[in-house]
Each structure stands twice: as C-alpha cells, then as structure tokens.
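Chemist:
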Amino acid sequence: MKGCGRGNYHPPADVRFWRQVDKSAGLGPCGDCWEWRGHTVTNGYGVISVNNKNFLAHRFAWTLTHGEIPAGEGHHGTCVCHRCDNRVCVNPAHLFLGTHDVNMKDAAAKGRVAGRIGQTAHRAKLTDDEVREIRTDRRLLREIAEDFGVSQTTVSGIRRRTLWVHLT
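Sequential numbering of the sequence shown, starting at 527, is according to the numbering used here.
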C-alpha cells in the first residue's frame, strides 16, 4: 500500500512548528514567552523551513494565528515586532505589526539601541579619544589609517565630521 511505509508521513508545517515551541511558565523577560526551540539563525531569531523555504519563526507564528502579513512600504516591508524583546518568542500575544521605522523607535524607546554610537557601537574599532586624535593629526590619510587599523575612507569621514558626528 502506498504511503503506509514507516517514515513516509510528514506532519503539516503548523504541527511541526508548534512541536518546536516551549510554552512552559517562566520563560522570557516577562515570564510568559513561548520560546522557539528549533533552529535559530546567527542573529538569534528562530527559523523554520517549509517546502525548502525558510521563514522566521515569529513571522510564521503571526501567519498561523492572525493570517497573512500585509505587504508594506520600504525595504523591510511590514515587520512583526516583539513586545517582549525576546527574539525566540513566538507567543502571538507578544507580537505586533509595524514598519521598520516603528520597530526601530520601539527598540530605542526600550533602550535597546541607546548608546550604540561611537566607541560603544558593536563593531567600533576606535575610541572617542582616538577619533579626536585623528581629527587633529595632519599626516597623510594613508599613514593615519595604517596606524589606527582603519581605512583611509574612515579617516577622511572622521576629519570631514561625517563619521563620529556625535563628538565635538
């Protein structure tokens, strides 16, 4: 009989999805997150593969519980944002729709992006004092860039004050 052999049954995507969700009490910053226990990508978000296409778990949860995510303007389209700021949370009560701008303003209001300028930025190679030193250094851009381990373009931007603009 066709399809009766062991291993031929593949549960529907929604069943596979919810099997990977931990709804235990006390999870997440608020204690009521439903955490994705499946695969995650390097930025910490959960991901599920359906028909050889990857979907972010929180977006998939939104679609399962609320329907399609409407198309949105701009590069990012409509975002599915987290009220709880827990990237692996898929609790529909913690999710809301917004533009990329709304998502960034929400993050800033919660202090998740505050202070990420200058030397506190995640990928900063220079300190505030080094930037001040570069601004007063009159050597060739190439020499300064080599000494500080940055590009000539970076040195030029610092000198023209298009980079590290928060420093006086």
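C-beta atoms are modelled at their ideal positions from N, C-alpha and C, and glycine is treated no differently.
As an exercise, report each continuous beta strand (DSSP E) stretch of at least 3 residues that is fully enclosed by the stretch 548-621, in chain order.
Modeler: Within the stretch 548-621, the complete beta strand (DSSP E) runs of at least 3 residues are 573-576, 579-582, 605-608.
Chemist: Okay, do the stretch 605-618 and the stretch 557-577 touch, 3+ Cβ pairs below 8 Å being the bar?
Modeler: yes
Chemist: Under 8 Å by Cβ, that's how I've got residue 559 and residue 620 pegged, so tell me the actual separation to the nearest angstrom.
Modeler: As a position in the sequence shown, residue 559 is number 33, starting the count at 1. As a position in the sequence shown, residue 620 is number 94, starting the count at 1. Yes, they are in contact, since the Cβ atoms of residue 559 and residue 620 sit about 6 Å apart, within 8 Å.
Chemist: Between the alpha carbons of residue 535 and residue 609, how many angstroms are there, rounded?
Modeler: Start at 1 with the first residue of the sequence shown, and residue 535 comes out as number 9. Start at 1 with the first residue of the sequence shown, and residue 609 comes out as number 83. Near 37 Å, if we compare the C-alpha coordinates of residue 609 and residue 535.
Chemist: Taking 8 Å as the cut-off, does the stretch 584-597 touch the stretch 537-551 (at least 3 CB pairs, one atom from each stretch)?
Modeler: yes
Chemist: Roughly how many angstroms separate the alpha carbons of residue 672 and residue 678, rounded to a whole number?
Modeler: Here the question's residue 672 lines up with position 146 in the sequence shown. Here the question's residue 678 lines up with position 152 in the sequence shown. Spanning the two alpha carbons is a distance of roughly 8 Å.
Chemist: If I measure Cβ to Cβ from residue 663 and keep anything under 8 Å in the same chain, skipping five residues before and after, which residues do I get?
Modeler: In the sequence shown, the residue the question calls residue 663 occupies position 137. Non-local C-beta neighbours of residue 663 in its own chain, meaning closer than 8 Å and more than five positions away in sequence, comprise 670, ordered along the chain.
Chemist: According to DSSP, simplified to helix, strand and coil, what is residue 637?
Modeler: In the sequence shown, the residue the question calls residue 637 occupies position 111. In the structure shown, residue 637 sits in coil (DSSP, three-state: anything other than H, G, I, E or B).
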